[in-house]
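If you're matching positions, the sequence shown starts at 7 in the numbering used here and goes up one per residue. Even glycine gets a Cβ: it sits at the ideal position worked out from N, Cα and C. This structure is a prediction, so every number in the text was calculated from the model and none was measured. Only one structure is covered here, and it is reproduced in the block below.
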Amino acid sequence: MTMPETEEKAWAQYSHMGQRGLLAAGKVQLRVISALMIREALTRYGHENLGFFWIMGEPLVLTVGVMLMWSMTGNSHSGELGLVPFVLTGYTMLTLWRHCVQKSVHAMRANIGLLFHRNVRFLDILIARAALESLGGLAAFFVAYLPLTLLDVFEPMHDPLLLIGAWFFMTWYAFGFGVILAGVTELSEAAERFVAPIMYISIPVTGAFYMVSWLPETAQKLVTWSVLVHMFEMFRAGLFGPKLMAQWDLSYMLLNCIFVTAIGLPLIRKAQQHVRMG
């Protein structure tokens with residue numbers, strides 16, 4: 007066997023071993039994240055009574071309560087979609103956004119003891135929390151959607167993949183934004199005081215209470231700068247289909263998700279050193 011053939015065979019073997027090692031490491035991290043999700047759910051909701059059901063029960067109770075309130079007050083614009091479907095889509099997405107972000111604050115400090123385990127990192131803890139909120143919120147949506155569809159309150163879903171895609175982007179963006187806040191609040195005690203005001207200020211630019219097409223042209227140009235509006239519009243487009251004029255841009259959502267993640271990851275590494283030294 008010639009020297010080039012020997013080197014090529016050795017390189018192929020090395021690459022194969024590297025791929026196997028990467029796959030094994032990925033499986034380990036998936037198990038770690040799954041275990042952290044179970045631990046978080048048990049810590050938050052406990053073993054007794056409804057337990058895990060509160061993962062989806064908590065957002066569902068909030069959404070149903072708001073739906074009842076809106077049903078009593080009425081709404082002039084939502085008639086084309088139906089009041090109950092409009093409220094359900096708005097509040098499930100809004101709950102996901104708020105919970106994912108708020109659960110990230112001081113998540114590192116509260117779970118520093120978990121770093122005793124070699125394979126657990128702060129990023130795993132934040133991913134587990136975001137995944138738990140996302141799965142619970144999506145389950146709550148479908149628990150409400152399915153019986154309402156059987157009762158003819160909802161029409162059959164137009165495009166499930168579009169709806170799930172919007173939910174994925176909202177989860178990703180909320181996770182990335184939450185990572186930024188997790189890092190900043192660990193580095194600065196004063197930063198925590200601004201989290202609640204930021205979440206309240208963000209509500210008008212989420213799109214939870216309106217469709218872009220309902221607004222004047224000038225207002226439409228302003229609100230479409232908010233990436234959250236695109237996610238709400240995409241979610242409703244997946245549910246209602248062509249009966250409404252949804253306005254969303256996939257590339258804009260993707261770029262924003264990448265942007266917040268790219269800012270958050272270095273912040274997490276810096277905050278991790280700060281927490282350990284503290």
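Does the segment 128 to 135 come within contact of the segment 210 to 230, defined as at least 3 CB pairs closer than 8 Å?
no
For the alpha helix (DSSP H) holding Val107, just list the boundary residues, first then last.
Taking the sequence shown and counting its residues from 1, one reaches residue 107 at position 101. Counting along the chain, the alpha helix (DSSP H) containing Val107 begins and ends at Leu89 to Gln108.
Does DSSP put Leu221 in a helix, in a strand, or in coil?
Counted from its first residue, the sequence shown places residue 221 at position 215. It is coil, neither helix nor strand.
Nearest to Thr212 by alpha carbon, out of His236, Val90 and Val107?
By one-based count along the sequence shown, residue 212 stands at place 206. Considering only alpha carbons, the answer is His236.
Which same chain residues end up closer than 8 Å to Tyr258 when comparing Cβ atoms and leaving out the 5 residues on each side of it in sequence?
If you number the sequence shown from 1, residue 258 lands on position 252. Answer for Tyr258: Val233 and His236, listed in chain order.
Asn125 by DSSP, collapsed to three states: which one?
As a working mapping, residue 125 is identified with position 119 in the sequence shown. Three-state DSSP puts Asn125 in coil, outside helix and strand.
Take His105 as the anchor and find which of Leu144, Leu129 and Thr230 has the nearest alpha-carbon.
As a first step, residue 105 must be located in the sequence shown, where it is residue number 99. With distances taken between Cα atoms, His105 lies closest to Leu144.
Please work out which residues of its chain come closer than 6 Å, Cβ to Cβ, to Gly184, disregarding the five sequence neighbours upstream and downstream, and give them in chain order.
Here the question's residue 184 lines up with position 178 in the sequence shown. Correct list, in chain order: Cys106, Val107 and Ser110.
Taking buried to mean at least 16 other C-beta atoms within 10 Å of its own C-beta, is Lys276 buried or exposed?
For this step, residue 276 is matched to residue 270 along the sequence shown. The residue in question, Lys276, is exposed, as its Cβ has fewer than 16 Cβ neighbours within 10 Å.
What are the boundary residues of the alpha helix (DSSP H) that His236 is part of?
By one-based count along the sequence shown, residue 236 stands at place 230. Going by DSSP, His236 is part of the alpha helix (DSSP H) stretching over Val233 to Phe246.
Between the alpha carbons of Leu168 and Val90, how many angstroms are there, rounded?
Translated into positions along the sequence shown, residue 168 becomes position 162. Translated into positions along the sequence shown, residue 90 becomes position 84. Each residue's Cα considered, the two are about 20 Å apart.
Could you check what DSSP says for Phe160 in three-state terms: helix, strand or coil?
For the purposes of this step, residue 160 is identified with residue 154 of the sequence shown, where counting begins at 1. Phe160 falls in the coil class under three-state DSSP.
Interface flag, Val235 vs chain B, CB-CB below 9 Å
This model lacks chain B altogether, as it is built from one protein chain only.
C-beta contact flag for Glu242 and Phe148 at 9 Å
Walking along the sequence shown from the start, residue 242 turns up at place 236. Walking along the sequence shown from the start, residue 148 turns up at place 142. Per the sequence presented here, residue 242 reads as Arg, with Glu not at that position. Cβ distance not < 9 Å, so Arg242 and Phe148 don't count as in contact.
Residues near Val190 by beta carbon distance below 6 Å, same chain, minus five either side:
Within the sequence shown, residue 190 is the residue found at index 184, counting from 1. Cβ within range, chain order: Ala197.
Using a Cβ-Cβ cutoff of less than 7 Å, which residues in the same chain neighbour Met251 once the five nearest sequence positions on both sides are dropped?
For the purposes of this step, residue 251 is taken as residue 245 along the sequence shown, with counting starting at 1. Excluding sequence positions up to five before and after Met251, its CB lies within less than 7 Å of the CB of Ser219, all in the same chain and listed in chain order.
Which residues in the same chain as Gln226 place their Cβ atom closer than 6 Å to its Cβ, once the five residues preceding and following it in sequence are excluded?
The residue given as residue 226 occupies position 220 in the sequence shown. Taken in chain order, the residues that qualify are Val218.
Whose C-alpha, out of Leu120, Gln35, Tyr97 and Ala31, is nearest the C-alpha of Glu46?
As a position in the sequence shown, residue 46 is number 40, starting the count at 1. Taking only the C-alpha atoms, the option nearest Glu46 is Leu120.
Backbone secondary structure at Asn262 - three-state DSSP
Taking the sequence shown and counting its residues from 1, one reaches residue 262 at position 256. It is helical.
What residue ranges within the segment 137 to 202 form continuous alpha helix (DSSP H) runs of no fewer than 4 residues, ordered along the chain?
166 to 193
By a C-beta neighbour count over all protein chains shown, 10 Å radius and 16 as the cutoff for buried, is Ala268 buried or exposed?
Counting from 1 along the sequence shown, the entry for residue 268 is found at position 262. Ala268 comes out exposed.
How long is the line joining the alpha carbons of Leu157 and Arg127, rounded to whole angstroms?
Working through the sequence shown from its first residue, we reach residue 157 at position 151. Working through the sequence shown from its first residue, we reach residue 127 at position 121. Each residue's Cα considered, the two are about 46 Å apart.
Span separating the alpha-carbon of Ser82 from that of Gly88
For the purposes of this step, residue 82 is taken as the residue at position 76 of the sequence shown. For the purposes of this step, residue 88 is taken as the residue at position 82 of the sequence shown. Reliability fails at Ser82, whose pLDDT of 47 lies under 50, so the model's placement of it is uncertain and the value that follows must be treated cautiously. The straight-line gap from Cα to Cα measures roughly 10 Å.
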